[in-house]
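Its first residue numbered 1, the sequence shown is counted upward by one per residue in the UniProt record's numbering. All residues carry an ideal CB built from backbone N, CA and C; glycine is no exception. To start, the structure under review is shown below, and the notes come after it.
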Amino acid sequence: MSAAWRIVEDDLSGAAIRALLERHFAGMLANSPAGSCHFLDFEGLKAPGVTFWSIHLDAELAGCGALKMLDARHGEIKSMRTADGFLRRGVAARMLGHIMAEAKARGLERLSLETGSGAAFEPAQALYRRHGFVECGPFGAYRPDPFSRFMTRAL
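Written out as structure tokens, the structure reads:
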């Protein structure tokens, strides 16, 4: 029997997803100054206008990602994280594809994101470039920051 991938809307109540997000938060803070970290905490991920998903291979949590609605035509990718045991197995690309498809289904015309600018963030930047994202200036409430890289793509 082959392994089955599934992506589900997640209420953030499970221990495994909470642990993965804690690693995500710690990783952001370890690689950028606190004032330059723009991740959503648990309450932020539950806020109106934010949809959070987890991705699983069979019963194992493999990663997560979220879509934040900025307005009726523009969304932001948030909280993309792959569990350590699933790195370089296509998890982030699957989640990104899911978020992009959901954004299109909601009628969004553009997706944007903010990620870090240091070496730790280069794999994420490469993933987004492979999926058609290009660098842009700050959007929404963001301001210029040497520790941030902003990317966008039309849908």
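Have a look at the options and flag the residue whose alpha-carbon is nearest the alpha-carbon of residue i.
i, options, result
"leucine 113", "Glu60, Ala141, Val91 and Thr82", "Ala141"
"arginine 23", "Thr152, Arg81, Arg88 and Ala59", "Arg81"
"methionine 95", "Met151, Thr51 and Ser32", "Thr51"
"isoleucine 55", "Ala119, Trp5, Glu135 and Gly137", "Trp5"
"glutamate 43", "Met28, Asp11 and Ser32", "Asp11"
"glutamate 102", "Val91, Leu67 and Ala15", "Leu67"
Do you know offhand how far residue i's Cα is from residue j's?
i, j, result
"arginine 97", "leucine 127", "Per the sequence presented here, residue 97 reads as glycine, with arginine not at that position. Going by the C-alpha atoms only, they are around 11 Å apart."
"serine 148", "isoleucine 77", "14 Å"
"arginine 110", "lysine 104", "9 Å"
"cysteine 37", "threonine 152", "18 Å"
"glycine 75", "glycine 132", "15 Å"
"isoleucine 99", "glycine 35", "27 Å"
"arginine 73", "serine 32", "30 Å"
"glutamate 135", "methionine 28", "20 Å"
"alanine 26", "arginine 106", "32 Å"
Look at residue i and residue j and say whether their C-beta atoms are less than 8 Å apart.
i, j, result
"leucine 45", "leucine 20", "no"
"alanine 93", "leucine 57", "no"
"leucine 40", "leucine 108", "no"
"glycine 63", "alanine 83", "yes"
"proline 146", "serine 117", "yes"
Please classify residue i: does DSSP put it in a helix, a strand, or coil?
i, result
"glycine 90", "coil"
"arginine 23", "helix"
"arginine 149", "strand"
"phenylalanine 139", "coil"
"histidine 38", "coil"
"lysine 68", "strand"
Indicate whether the contact test is met: 3 or more Cβ pairs, each with one atom in the stretch 117-136 and one in the stretch 84-96, closer than 8 Å. Using a Cβ-Cβ distance cut-off of 8 Å, the stretch 117-136 and the stretch 84-96 are in contact, since at least three pairs of beta carbons, one from each stretch, lie closer than that value.
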